[in-house]
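Read through the structure below, which is laid out as C-alpha cells, and then see the notes.
Numbering (this note's numbering), first residue to last: 1 to 301.
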C-alpha cells in the first residue's frame, strides 16, 4: 500500500501540474468566483461559517479583509506557478485560498467541486522542487499526485453516498434531471428530455458511474487513461445540457494525466524553428564571371 501511495512519477509531471493548479487559482479569482468580493456587502449576521471556520479564529469578512485576501492570493498564485519557493509560496496560497473558500461557502451553499483542488493545494508544497521536462522520478511528487487522485474519486463516490443518504432510491427514479433542465437547461437538454424514460436511465447511469469510480485505480494504465477521458466527457455533457462546469474538479483530475508530455513552450519553439527552416532565403547574388576580353587590336610594345 505504501508503494502504491508513493509511486514515483517524473518531476516534469509535478511541475506541469503545479503550474496548471496555481494558474487556475488566479483564473478562479478573476473569472469563476469574483462574486465572493460582493458577499461582504450583506449584513455580517448572515455569515455562518463552515465548521472549519468556527474552529479557527477567522474574522468576519469585511471589504478590507476580502480585498487583502484577493490581491495577495492573486499575486502569490502567479508567483507559485513559476515553481519558485514551492514550499513557502505553496503553503501561503493554500492558506489564503482556503480562507477564500470559507468566505464563499459560508452563506448557505457549499460546492463539492472544490474538494480535489483544495487537497491538491494542500499537498503540492510537500512535493519539493520540480522543473518542466525533468524525467527524474520523485516519490514525494508521486504521493502528492496520488492523494489528489484519491480526493477526485472521493468526490464522485461520496456524491453517490449523499444521494442515497438524503434521497434514497427516489433520487434515481425521481425528476432530479428534469428539474435541473427546467431551471438551467440548454436547447440540447430540451431535445434529450423529449425522449421517454431517458432521464431516468441517465440518473441510474450517474449513480452507477459514481459508485464504480474507485475502480479506476485497479485498471491498467491504458484503460485508466481511457476512463479518465470518460470522466471528462461526462462533465462535458453535463455542461452542454445543464451548464454546470465543475472546473476546479477538472483541474484536479489532471493529476491522472501524463502532463510531462504537454510542453507548450517547447512546442512553440519547435514551430518557430520549422517556420524559419521552411522560409526560403533571399535570392542569392548572381555568380561572378571572368571579364570578357576587350574587342580590338592587341597593343604592341
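Backbone N, C-alpha and C fix where the C-beta goes; we use that ideal spot for every residue, glycine too. Being a predicted model, the structure only gives us computed values, none of them experimental.
Legend entry - Proximity below 8 Å, CB of residue 210 to CB of residue 164: Their beta carbons are not under 8 Å apart, which means residue 210 does not touch residue 164 by this criterion.
Legend entry - Per DSSP, the bridge partner or partners of residue 39: In the DSSP output, where bridge partners are listed per residue, residue 39 has none listed.
Inset, instruction - Measure the CB-CB distance between residue 8 and residue 142 and report whether it falls below 8 Å. - result: Remark: C-beta atoms of residue 8 and residue 142 approach each other more closely than 8 Å.
Legend entry - Straight-line gap, residue 42 to residue 63 (C-alpha atoms, nearest Å): Looking at the backbone, the Cα of residue 42 and that of residue 63 are separated by about 11 Å.
Inset, instruction - Rounded to whole angstroms, what's the CA-CA distance from residue 294 to residue 272? Just pull it up for me. - result: At residue 294, the pLDDT of 49 sits below 50, so the modelled position is not reliable; the number obtained from the coordinates is stated separately. Residue 294 and residue 272: Cα-Cα distance of roughly 52 Å.
Legend entry - Burial state of residue 197, where buried means 16 or more other Cβ atoms lie within 10 Å: With fewer than 16 other Cβ atoms within 10 Å, it is exposed.
Legend entry - Alpha-carbon spacing of residue 59 relative to residue 135, whole angstroms: In this structure, the alpha-carbon of residue 59 lies about 44 Å from that of residue 135.
Inset, instruction - Keeping to the same chain, check which residues put their C-beta closer than 7 Å to that of residue 180; ignore five residues upstream and five downstream. - result: Here the set comprises 242.
Inset, instruction - Measure from the C-beta of residue 49 to each C-beta in chain D and report whether the shortest distance is under 8 Å. - result: The structure shown contains no chain D, having only a single protein chain.
Inset, instruction - Flag this pair as yes or no: are the beta carbons of residue 100 and residue 56 separated by less than 8 Å? - result: Taking 8 Å as the Cβ cut-off, residue 100 and residue 56 do not qualify as a contacting pair.
Legend entry - Counted within 10 angstroms of its Cβ, other Cβ atoms place residue 203 as buried (16 or more) or exposed: Label assigned to residue 203: buried.
Inset, instruction - Please report the residue range of the alpha helix (DSSP H) in which residue 7 lies. - result: It is not in any alpha helix (DSSP H) - residue 7 carries neither H nor E in the DSSP assignment.
Legend entry - Pick from 123, 226, 169, 239 that is closest to residue 187, judged by C-alpha positions: Checking every option, the nearest Cα to that of residue 187 belongs to 239.
Legend entry - Classification of residue 13 by the beta-carbon crowding that lies within 10 angstroms, buried from 16 upward: Residue 13 comes out buried.
Inset, instruction - Let me know the secondary structure DSSP gives residue 173 once reduced to three states. - result: Reduced to three states, the DSSP call for residue 173 is helix.
Legend entry - In DSSP terms, what residue 148 is bridged to: Answer is none; residue 148 lacks a bridge partner.
Inset, instruction - Please confirm whether residue 228 and residue 253 have their CB atoms less than 8 Å apart. - result: Residue 228 is a Cβ neighbour of residue 253, given a cutoff of 8 Å.
Legend entry - First through last residue of the alpha helix (DSSP H) which encompasses residue 47: Taken as a continuous stretch (DSSP letters only), residue 47 belongs to no alpha helix (DSSP H), as it is neither H nor E.
Inset, instruction - Using 10 angstroms around the beta-carbon of residue 194, count the other beta-carbons present and answer buried if the total reaches 16, otherwise exposed. - result: For residue 194, the number of other beta carbons within 10 angstroms of its own is below 16, and it is reported as exposed.
Legend entry - Counted within 10 angstroms of its Cβ, other Cβ atoms place residue 282 as buried (16 or more) or exposed: Annotation note: pLDDT 48 at residue 282 (below 50); position unreliable, coordinate value reported separately. Result: exposed.
Legend entry - residue 105 - containing alpha helix (DSSP H), residue span: Looking at the DSSP string, residue 105 is not in any alpha helix (DSSP H), and its letter there is neither H nor E.
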